[in-house]
Structures are given as structure tokens and as C-alpha cells.
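Residue numbers (our numbering): 1152 to 1637. Written out below as C-alpha cells is the structure these notes cover.
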């Protein structure tokens, strides 16, 4: 499958030419959305992300669609904004897609938080809960609720209303709105892209459970079950929820094929290519695309700069190979320091997770040194903050501004590749005008904003200190138990 994207011949190219060729080839096999650069906002802070979500909900006329791992139990303001929108516009519908295991934990869960909306607006609010089939059999009964998401989650982050969409890596919870660093890109007034995102969530709903109030709901199948004061309803009586692999693979591939453009755009707009990664369902578009990108960059003689970041740095082995083998690319990586890891100081065995990442980083850096690769690893730390940003940026010869970025839900690690279900976007920005008109050229302004995004992340990056840290004896054993899929 990868070969359909790779170049037939070899010739020396600049980074911009290689990326342009790559994007044109990608458009022939992936959905492609031209977006004017003026309609793309790079949001800088958690608070800006939150206020932007409240703003698009507050202005919604027809539809609101939200996809997240979960909604935090204290997000009453967000729920009130949804209720106000439903009251204001009687024809408006709300579609919410969450992860079942994370959203139905005992106590004040996302499911219980959403029940009042379902009860007050029947037929207008739809809540769907995806459950990874990777956890099945006796283990599905034995694994406690706090740990069952370790076998895979619904991880895509999409926040949309009418024709506005915000894509990033943040969940809908207080910490992501206040002091957890992430990435967020607001795509404004694009009906085609908004339709795509909502259609994607509707596709996922066909193999997800439905959340229903238990007072008057009837189970749709023998696989539905009551929990607390709601019903977790499985709509497909012909398919066991643990055996959806073939159905999901077919649905995703059919969905992507239906959104291919007959004639890829050659406009000067920014091109967005959505990538679905569902490794357990044999859907690996992110993986195929990154292999293709590196293949196009092999003969780039200008030594481009690749910036890569992940809050949970356990770079997927095939991606490690791409980075380590790319002798003509300078790579800078930013990972969370242990203090900036969201699991730092947590209770129980999960407090060893930051140590697990230290072990994984040591292994990676050992290989970097062995090969003599042009790779630099830094760790992000800011007092009172945690780190959750993820993605990559590609900059020609390291002295200009990025022409390409990958953003969305992927952590670029083994979990994202193999067991979580992700949606990310490859954004390719045309070069624009490099001369005196660059301040008024929308593409150049967007590229500068991307450069500022990288700089703001690296402002809190310091030299990696993993070799100096202490790792307790049982941590390597814990890492082996989860097969390095932290």
C-alpha cells in the first residue's frame, strides 16, 4: 500500500519541491481540503482554546459536534453552553462521541454528566461511546475501570459548530483549559471540512454504543446493558461489540474513499489531508503517510529541520527508524519531563508511568548515539503545568518557516499506532512570497505562526536529563507487562 505514494524516480529536490510533490501524491489517495490561510488560526493557550469552543457553541445555528476521550466531571459551564444553544435554536442538533471506558467510570462520569441533556432534548442530543475491542474475553471482566482504557481508546479530538472546527490534542476537561500545554488549530468557515468531520463521527456511531436514559429506553440488542441510571445500548444485534474489526476497517476505508476529490485542487490554498489511524482495524493512514513523506525527503539536499513533539514520548518503532535513518534531516524532539507528565504524583502503579517514559527515552537515545544520527532530545517543563502537545513541523533548511505540520490526536507512539483510534491532519502550506510582500501574504503569515508555535514550545525545553534520573526496580517489569505501550 505504501508504494502508491512513493516516488517513481530519484532527483535532487529542495524541501519545498519535495513537500509539494508529496502533497500532490497524497491528494490522489487521501481526502484533501483546500483552506484559505486567512481562515486558519493557531491558538496559543489553553484558555484561548476553551473560550473558542464556548464561542463557536454560542454562535451555533444548526449543529454542534464534539469528539473527545471524555468530558470532565466538573465541566458544568460547557454543559450549560450546550443547553443554552439547544434552547435558543429549536432545530439545532448536538452529536457527541466519547470513549466508553473512560466516560462510564463509577461515580461522577461523563455519561452521568450528559444525562440531563439527553433527557431534556430527546432526538436532538446524540451521545455515542466507542469501546476498543482489544480488551475482550476474561480480561474484560477482570481489568478494573481505572485501567481498562490501557487496551485502547477513542482518541480523536474534534470540536465543531456549524462550519467552524477546532482540531487538536486536548480533551474537554478543566486541566486542558487551564495549565496543560497542547496544540489547537481553529479552521473557520469551511462547510466541506465540517461536513467531513461530522460524517466521520456519524460513521463511528455505527460501531459505537449509544448512551440513553434508562427510564424509558428499550435495549436494541442482547449486548446492551444498564449501568447506574442509564442504558449503554449496542445498536447492532448481528455483531458482537468485541468482534467489530472487519466492520470498522470496511467503514473507515469506504468513508475515506467517498471523500476523495475527482481532481485534486491546484489552488494556492493550504491543503489539509485527514488521516485515520486505527491499527487494530488495519487502517494505518498516518503510518503510510509518514513513510511517504520521508521517502520524498530522501534526496533533499538542503538539510530540512524536523521538529517533533509528544507528551508521551515512546516513538513508534517504524517512526524511530524513519528518524534515525534520515541522515539528511536534522531532528529536534521535545518530550514532557517527568514533572510535566500528567501521571506524575498519581496514586498506585500509575505513578511509575513517568519512570517508564524515562526508560523508553534512554533506549531511544542509546540508538541515536550508536548510529550517530542528527537527533536532539529535549524535555519540556514549566512550573505548575503539564505537557500534552503532539505533532511535527517541517522547515526548509532550518532557517525559514515551516511548510508542513501534522496535528491532531496522535501521540506518534506505539499506542496511537496500534491500539488507540486517532484522527490527525497533515497540513501543507504553499511557500508564499519570500520577499518584501511576505507580511501581507496569508500563507507566509500562517507559516510564521507555525514557527512561533514551535518557538513557544521550545521556550520551555531544556537539555534531556534522563540518564540522571532514578528508576525504581519494578518499573521495567511494569513496562514489560504493557509491552511498552504506555
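Where a beta carbon is used, it is the ideal one built from N, C-alpha and C, also for glycine.
Should residue i be counted as a contact of the ligand HEM given a C-beta to heavy atom distance under 7 Å?
| i | result |
| --- | --- |
| residue 1224 | This structure simply doesn't include the ligand HEM, nor any ligand for that matter. |
Helix, strand or coil, according to DSSP, for residue i in the structure here?
| i | result |
| --- | --- |
| residue 1508 | helix |
| residue 1435 | strand |
| residue 1442 | helix |
| residue 1566 | helix |
| residue 1197 | helix |
| residue 1451 | strand |
| residue 1459 | strand |
| residue 1623 | coil |
| residue 1337 | strand |
| residue 1580 | coil |
| residue 1183 | coil |
| residue 1374 | coil |
| residue 1399 | helix |
| residue 1093 | Past the edges of the chain, shown from 1152 to 1637, lies residue 1093, and the structure says nothing about it. |
| residue 1223 | coil |
| residue 1218 | strand |
| residue 1464 | coil |
| residue 1383 | strand |
| residue 1557 | strand |
| residue 1324 | coil |
| residue 1205 | helix |
| residue 1152 | Because residue 1152 sits at a pLDDT of 42, beneath the cut-off of 50, its placement in the model cannot be relied upon, and the point is left open. |
| residue 1616 | coil |
| residue 1192 | strand |
| residue 1170 | helix |
| residue 1574 | strand |
| residue 1213 | coil |
| residue 1633 | coil |
| residue 1423 | strand |
Quick one, are the C-beta atoms of residue i and residue j less than 8 Å apart?
| i | j | result |
| --- | --- | --- |
| residue 1384 | residue 1360 | yes |
| residue 1307 | residue 1567 | no |
| residue 1431 | residue 1542 | no |
| residue 1630 | residue 1507 | yes |
| residue 1166 | residue 1594 | no |
| residue 1280 | residue 1250 | yes |
| residue 1481 | residue 1456 | yes |
| residue 1329 | residue 1402 | no |
| residue 1421 | residue 1222 | no |
| residue 1173 | residue 1444 | yes |
| residue 1533 | residue 1410 | no |
| residue 1248 | residue 1352 | yes |
| residue 1324 | residue 1226 | yes |
| residue 1537 | residue 1496 | no |
| residue 1289 | residue 1348 | no |
| residue 1332 | residue 1540 | yes |
| residue 1271 | residue 1447 | no |
| residue 1181 | residue 1407 | yes |
| residue 1475 | residue 1518 | yes |
| residue 1388 | residue 1369 | no |
| residue 1305 | residue 1217 | no |
Less than 7 Å between C-beta atoms, sequence neighbours within five positions excluded: which residues of the same chain meet that for residue i?
| i | result |
| --- | --- |
| residue 1441 | 1470, 1473 |
| residue 1335 | 1194, 1200, 1317, 1319, 1321 |
| residue 1557 | 1542, 1543, 1575, 1577 |
| residue 1257 | 1296 |
| residue 1505 | 1489, 1492, 1494, 1495 |
| residue 1599 | 1552 |
| residue 1262 | 1254, 1255, 1362, 1381 |
Excluding five sequence neighbours on each side, which residues of the same chain lie with their C-beta closer than 8 Å to the C-beta of residue i?
| i | result |
| --- | --- |
| residue 1513 | 1617, 1618 |
| residue 1243 | 1211, 1212, 1213, 1214, 1215, 1236, 1237, 1275 |
| residue 1503 | 1623, 1625, 1626, 1629 |
| residue 1433 | 1396, 1400 |
| residue 1186 | 1338, 1341, 1344, 1420, 1421, 1422, 1423 |
| residue 1259 | 1224 |
| residue 1510 | 1622, 1626, 1627, 1630 |
Excluding five sequence neighbours on each side, which residues of the same chain lie with their C-beta closer than 6 Å to the C-beta of residue i?
| i | result |
| --- | --- |
| residue 1483 | 1458, 1527 |
| residue 1232 | 1205, 1208 |
| residue 1345 | 1311, 1314, 1316 |
| residue 1569 | 1430 |
- Query: Does the stretch 1512 to 1532 come close enough to the stretch 1463 to 1474 that 3 or more CB-CB pairs lie under 8 Å?
  - Reply: yes
Task: 4 or more residues per run - each alpha helix (DSSP H) lying fully within the stretch 1468 to 1554 - done: 1468 to 1476, 1504 to 1522
Is there contact between the stretch 1201 to 1212 and the stretch 1235 to 1244, where contact requires at least three CB pairs shorter than 8 Å? yes
Entirely enclosed alpha helix (DSSP H) segments - the stretch 1237 to 1319, minimum 4 residues:
1251 to 1254, 1261 to 1271, 1288 to 1293
**Asked** Along the chain, which unbroken stretches of the alpha helix (DSSP H) at least 4 residues long are found entirely within the stretch 1339 to 1367?
**Response** Runs found: 1342 to 1356.
Query raised in the report: Is the stretch 1285 to 1294 touching the stretch 1256 to 1270, taking contact as three or more C-beta pairs under 8 Å?
Result: no
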